[in-house]
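Asker: After the structure tokens below, expect a handful of questions from me.
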Amino acid sequence: MLRATDGAAVASRKADVVDIQRMVRVVRAYWKAIVALIVVGGLAGFGWSSLQPRVYTADASGYVAAVASDGSTGAALAGDQLALSKVKSFIDMGYWRSVAETARGQLGLSDSPESLVQRVRVSNPIDTVNVRVDATGPTPESARDLAEAWIRGMTQEVDQLETGGGGQSAVRLVAGDSARLPTAPSSPNVRLDVSLGALAGGVAGLIFALVRRAFDRRVRSARDITDAVDASVVGVLPVDKELAGGRAVFSFDDIKDGRGSFAHKEAMRELRTNLQYVDVDRPARVLVVTSPLPGDGKSTIAANLAVSIAATGQSVVLIDADMRRPVVGGMFGFSDDVGLSDVLAGRAQIEQVAHQVDEHGRLFVVAAGRTPPNPSEMVGSQRMQSLARKLADDMVVIVDSPPTLAVADAAVIASWADGAVLVVTAGRTTDDMLTRATENIAKTRGHLLGVVLNRMPLRGADSGYYGSQYGGYYGYGYGMPRSSVKGWRRLSLRRRGKKAEAVPAEQEAAPRRRSGGLPPENVSGLRTLSQRRTSSTAEGDVQSEIAVPSAEEPTAVDTVSRRRTRRG
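Below is the structure:
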């Protein structure tokens, strides 16, 4: 029983901590709007104060004295008790019309007695026989004169009331010193108005932030993804400044090569490792990388994922299946005009269009080729499946497909691939897009390996695992002094002995690349599989690394038998 109670208490404390952390993240995310509303509220309070008329307050006082019949102590005490009992009645007398008319006559005012009464406040300080009159006016002089005239009017009214027209009264109201001239207006209170305006603006800013976050459907963290769909997050890639203006392919052989942030490279290695352990009994050999919409960075992730896998010693082939808007060839410095579509149409063999883009002979890239009239039917054909299975016997096949919400190609490829990886952008992709994308893959019985959250902010409210501490812990990239990072880059450039070439900045929806420009600095000279096969044969190798598929359509029996043989 005690353990259950302790467990509930711990869970409650954790929930409170989580709520506070969420509130802090919301404030950090919308701090600019909150500060802006605070400033607007303060300015509104100041403006309201400026429009209000200035009011000055002056005070005059008097005291109630008892007239003693003799000078004995008992008579003095009795007089004090009489004065204390009478002063309460004189407070109400201060609002009489007769007092107002007396003050009006003394000052020669044209205001009505009722309006004068509204400008006066009569009070009695606690445990005293004093009477205090606070009078307001548009000028300091008018407030002072009204306070003095009011206390004199009360004195006359008390004398008349106590004497009854003749004789000596038992008590009398004695006017005190003249009222002081006020030096500053009592209303409006500018500081108070500005403070209240700023406070109201801050409250409005918090309400705006909470409502905005409550109705914000964009995914910003891994938890948002798992709450929206039944899929795991296999990778979180931080923002990289070299990818801000376009695409780039990084080297994963040397973490100090000066290209790409250390955090981004390490996140790509983590993605590679997670994909290897998603299904240890049936490891995926054919992966399709897609995204809900263009611009999510799927092509860049597919290319760098292929490079990172090749860095481990595995053979990888990257196939650009986005025949409508191919970009993979341009990322590696060759034309997209010849590639996959030519192989599927029978105009070329795979070994004629696959380019070796690393110096170790482990990474090959196949461009998309010419745009066919039926891209969806072509990527879903038996020849495409047979080609991928043949390549998967010796290599890891990564297929870069079109966005799943734009066309049906990605869902078609996912139907026969071993698994699909869905790339979403932090702060851009909505949970509705994510849900529709996963549903499109599930409709074709595709296996979703996981979701990759791309462009996670390194700073700000939405930054989570990544930041300056990440790179600073290991001593590379973020967290290092700028001079140190530049030093690593200069050293890497000296070792390479040449100036780094810039990767073309192309957007996801960019037109087809036809220029065969220079490859990135970490890509060696391009060689096709046929050239590699010729060199390997000359050195005594029996077969090339990739077998050439037959031009004839494979039968269903052959395809199934190959799958059973490969999967065991």
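Taken in order, the sequence shown gives residues -9 to 558; the numbers are from our numbering.
By construction, the Cβ of each residue, glycine as well, lies at the ideal position given by its N, Cα and C atoms.
Predicted, not measured: the structure shown is a model, and the values here were computed from it.
Would you mind reading off the limits of the alpha helix (DSSP H) that contains Met258?
Answerer: Counting along the chain, the alpha helix (DSSP H) containing Met258 begins and ends at 252 to 266.
Asker: Just curious, the beta strand (DSSP E) that Asp422 is in, first and last residue?
Answerer: Unbroken run through Asp422 is the alpha helix (DSSP H), 421 to 433; no beta strand (DSSP E).
Asker: With respect to 7 Å, is the separation between the Cβ of Gly370 and the closest non-hydrogen atom of the ligand MN below this value?
Answerer: Ligands in the displayed structure: none, and consequently the ligand MN is not present.
Asker: How would you write the range of the beta strand (DSSP E) that Met321 sits in, first residue to last?
Answerer: No beta strand (DSSP E) holds Met321; the alpha helix (DSSP H) holding it covers 318 to 321.
Asker: Quick one: give me the first and last residue of the beta strand (DSSP E) that Gly166 is part of.
Answerer: Counting along the chain, Gly166 falls outside any beta strand (DSSP E), and DSSP gives it neither H nor E.
Asker: What does a CB cutoff of less than 6 Å around Val110 pick up in its chain, not counting 5 residues either side in sequence?
Answerer: Here the set comprises Ala125, Trp140.
Asker: Let's see if you can read the secondary structure: which residues bound the beta strand (DSSP E) around Met313?
Answerer: Here Met313 belongs to no beta strand (DSSP E), and DSSP marks it neither H nor E.
Asker: Taking 7 Å as the limit between beta carbons, can you name the residues of its chain near Asp49, skipping five residues before and five after?
Answerer: Only Arg122, Val123, Asp124, Ala137, Ala169 meet the Cβ criterion.
Asker: So, is Gly409 buried or exposed, given that buried needs 16 or more other C-beta atoms within 10 angstroms?
Answerer: Answer is buried; the Cβ neighbour count reaches 16.
Asker: With distances taken between CB atoms, is the gap from Leu171 to Pro130 smaller than 8 Å?
Answerer: It is a contact, given that the beta carbons lie within the stated cut-off.
Asker: For Asn364, tell me which candidate among Ala344, Gln346, Leu334 has the shortest Cα-Cα distance.
Answerer: The shortest C-alpha separation from Asn364 is found at Leu334.
Asker: Determine, using beta-carbon pairs with one atom in the region 203 to 212 and one in the region 415 to 425, whether at least three such pairs fall under 8 Å.
Answerer: Output reads yes: the region 415 to 425 touches the region 203 to 212.
Asker: Which residues does DSSP pair with Asn444 in a beta bridge?
Answerer: Looking at the DSSP assignment, Asn444 forms a beta bridge with Thr415.
Asker: What are the partner residues of Ser177, as DSSP defines its beta bridges?
Answerer: Val45, per the DSSP bridge assignment.
Asker: Would you call Ile10 buried or exposed, if buried means 16 or more other Cβ atoms sit within 10 Å of its Cβ?
Answerer: Exposed, because fewer than 16 other Cβ atoms sit within 10 Å of the Cβ of Ile10.
Asker: Taking 8 Å as the threshold, find out whether the region 255 to 268 comes into contact with the region 281 to 295 through three or more Cβ pairs.
Answerer: Result yes; three or more Cβ-Cβ pairs closer than 8 Å.
Asker: I'd like the span of the alpha helix (DSSP H) that includes Ser113, first residue to last.
Answerer: Not the alpha helix (DSSP H): Ser113 falls in the beta strand (DSSP E), residues 110 to 113.
Asker: Would you call the region 434 to 448 and the region 212 to 221 touching, i.e. three or more CB-CB distances under 8 Å?
Answerer: Yes, they touch.
Asker: Which residue wins for smallest C-alpha separation from Glu341, given the options Ala357, Ile24, Glu349?
Answerer: Of the candidates Ala357, Ile24, Glu349, the one whose C-alpha sits nearest the C-alpha of Glu341 is Ala357.
Asker: As a quick exercise: from Lys22, Ala133, Leu33, pick the residue whose alpha carbon is nearest that of Leu189.
Answerer: Nearest of Lys22, Ala133, Leu33 to Leu189, Cα basis: Leu33.
Asker: Could you compute how far the alpha carbon of Leu74 sits from the alpha carbon of Ser113?
Answerer: Going by the C-alpha atoms only, they are around 14 Å apart.
Asker: Is the Cβ-Cβ distance between Ile291 and Arg262 less than 8 Å?
Answerer: Taking 8 Å as the Cβ cut-off, Ile291 and Arg262 do not qualify as a contacting pair.
Asker: So, for Pro273: in the same chain, excluding its five sequence neighbours on each side, which residues have a beta-carbon less than 7 Å away from its beta-carbon?
Answerer: For Pro273, where only same-chain residues beyond five positions count, the Cβ hits under 7 Å are Gln266.
Asker: Within 10 angstroms of its Cβ, does Tyr46 collect 16 or more other Cβ (buried), or is it exposed?
Answerer: Buried.
Asker: So what's Gln339 in DSSP terms, helix, strand or just coil?
Answerer: The answer is coil: DSSP assigns Gln339 none of H, G, I, E or B.
Asker: Quick one: residues in its chain with C-beta nearer than 7 Å to the C-beta of Ala23, no 5 flanking neighbours on either side, listed in chain order?
Answerer: These residues qualify, in order along the chain: Gly195, Phe198, Ala199.
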